[in-house]
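> Could you have a look at this structure, given as C-alpha cells, before my questions?
Chains as they are written, first to last, in the numbering used here: chain A, -5 to 136; chain B, 365 to 474.
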C-alpha cells in the first residue's frame, strides 16, 4: 500500500497499481518508454547536461531531446499526441509521468511500483512537489 | 575535547556493520519513492554511509549482491574509481555486477 504522507492527493479511487516494484528503471525511464535503464544525468541521459545540475531544467532537456514540446500545461487527451508531466521540488526534478492512450496517467514511483492515476496532480503535493510542466509530441504508437 | 552526547557516544560504540545497517534501513525507507539519484544521495543516511569511508565499501558491495540499487554514487565518491563500462551505464544489474567484480578483484568480497 502506498503511504499517504508522500502522496497526500492519492486516494483509493484515483489510482491503481499496475506493476510489481523494480529497481531496474525509474520514473524518467518509464515516462520515456524504457524499462531497462535507471535514467540519471551524467550516467544515462539523452543529452549532455551541466555538471551537478539535477533540477527541472535537465529533465525538460531530456524530454525535449526526445521530441517533446511545450503545450501550455494542457493535460487533456489530444488525439495524435502523447504527453508527459514533469514535477519538481526545490533544487531537484522529482518525477515524470506519461499520459496513456486513454487519457489516464502512468507513473513509476521510485524503485517501487507503476501506477495508473487520473490526473498528473494526483501524485503531487507531497514528496514530488508540484507539476511544473506538461510537454507533448506527435504520437509514435506502441 | 568535550564529553560526547548520547547519540554520538552510541554511534562510536556501534561497529561499522551495525552503523551501516542502521543507515541503510533509514535510507531505503526515505528513498523508496525517489527517482532522482542526486536527491537520493543527498539524504542524510546516504551521506552518513559515504562518511564511513573505506569501511563502508565492502558493506555496500555486499548490499549490491543482495539487491541492486543506487549505490554507485557512494562507491565512486569513496573510491574515486568507476569500473562501469559505457555500455553498462544505466543498467542497474550490470552496474552492480561491474562493482561486485571490482570488489572481488581487490579481495573485498569473496
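Beta carbons are placed, not taken as given, at the ideal position from N, Cα and C, and that holds for glycine.
Between residue 410(B) and chain A, is any beta-carbon pair separated by less than 9 Å?
Residue numbering aside, residue 410(B) sits at position 46 when the second chain is read from its first letter. Chain A, which has no Cβ nearer than 9 Å to the Cβ of residue 410(B), makes this no.
> Looking at chain A, which residues of the stretch 415 to 433 of chain B have a Cβ within less than 9 Å of any of its Cβ atoms?
431, 432, 433
> Residue 130(A) CB to nearest chain B CB: under 9 Å?
To locate residue 130(A), count along the first chain from 1; it is residue 136. It does not; no Cβ of chain B falls within 9 Å.
> Whether or not the stretch 419 to 432 of chain B and the stretch 396 to 409 of chain B are in contact is what I'm after, with contact meaning three or more pairs of Cβ atoms, one per stretch, closer than 8 Å; do they touch?
No contact exists between the stretch 396 to 409 of chain B and the stretch 419 to 432 of chain B.
> Relative to the C-alpha of residue 468(B), which residue among 378(B), 454(B), 429(B) is closest?
One-based indexing of the second chain puts residue 468(B) at position 104. Comparing Cα-Cα distances from residue 468(B) to each of 378(B), 454(B), 429(B), the minimum goes to 429(B).
> Cutting at 6 Å between CB atoms, please list the residues of its own chain near residue 24(A), excluding the five before and the five after it.
In the first chain, residue 24(A) corresponds to position 30, counting from 1. So the list reads 102, once near-sequence residues are dropped.
> From residue 417(B) to residue 435(B), what does the alpha carbon distance come to, in whole angstroms?
By 1-based counting over the second chain, the position of residue 417(B) is 53. By 1-based counting over the second chain, the position of residue 435(B) is 71. Whole-angstrom Cα-Cα distance: 13 Å.
> Which whole-angstrom value is the C-beta distance of residue 178(A) and residue 121(A), which I expect to be below 8 Å?
The question about residue 178(A) has no answer here: the residues shown for chain A are numbered -5 through 136.
> Looking only at its chain, what residues have a beta carbon closer than 8 Å to the beta carbon of residue 153(A), apart from the 5 residues adjacent to it on each side?
Residue numbering for chain A in the displayed model covers -5 to 136; residue 153(A) lies beyond these limits and cannot be assessed.
> I'd like to know whether the C-beta of residue 88(A) is nearer than 9 Å to at least one C-beta of chain B.
Along the first chain, read from residue 1 onward, the residue named residue 88(A) stands at position 94. Taking Cβ atoms only, chain B reaches closer than 9 Å to residue 88(A), which makes this a yes.
> Against chain A, with Cβ distances strictly below 9 Å, would residue 441(B) count as a contact?
If you number the second chain from 1, residue 441(B) lands on position 77. The beta-carbon of residue 441(B) is placed no less than 9 Å from the nearest beta-carbon of chain A.
> So which residues of chain A does residue 457(B) contact, with C-beta pairs closer than 9 Å?
On the second chain, residue 457(B) is found 93 positions in, with the first residue counted as 1. What residue 457(B) touches in chain A: 17, 18.
> Does DSSP put residue 131(A) in a helix, in a strand, or in coil?
The sequence position of residue 131(A) within the first chain is 137, counting from 1. Note: residue 131(A) maps to strand in three-state DSSP.
> On the DSSP bridge assignment, give the partners of residue 99(A) in chain order.
One-based indexing of the first chain puts residue 99(A) at position 105. According to DSSP, residue 99(A) bridges with 93(A), 111(A).
> Would you mind stating whether residue 455(B) and residue 106(A) have Cβ atoms separated by less than 9 Å?
Mapped onto the second chain, residue 455(B) falls at position 91. Mapped onto the first chain, residue 106(A) falls at position 112. No. Outside cutoff.
> For residue 365(B), does the count of other Cβ atoms within 10 angstroms reach 16, so buried, or fall short, so exposed?
Sequence index remark: in the second chain, residue 365(B) carries index 1 (1-based). Legend: pLDDT at residue 365(B) = 47, less than 50; position of this residue unreliable, value from coordinates given subsequently. Exposed.
> Does the beta carbon of residue 80(A) come closer than 9 Å to any beta carbon on chain B?
Counting from one through the first chain, the residue named residue 80(A) turns up at place 86. No, its Cβ sits nowhere closer than 9 Å to a Cβ of chain B.
> Put residue 58(A) into one of helix, strand or coil per three-state DSSP.
Here residue 58(A) is taken as the residue at index 64 of the first chain, counted from 1. For residue 58(A), the three-state secondary structure derived from DSSP is helix.
> Per the contact definition of three or more C-beta pairs closer than 8 Å, is the stretch 374 to 390 of chain B in contact with the stretch 69 to 79 of chain A?
no
> Going by DSSP, name the residue or residues bridged to residue 64(A).
Position 70 of the first chain holds residue 64(A). Bridge partners of residue 64(A): 129(A).
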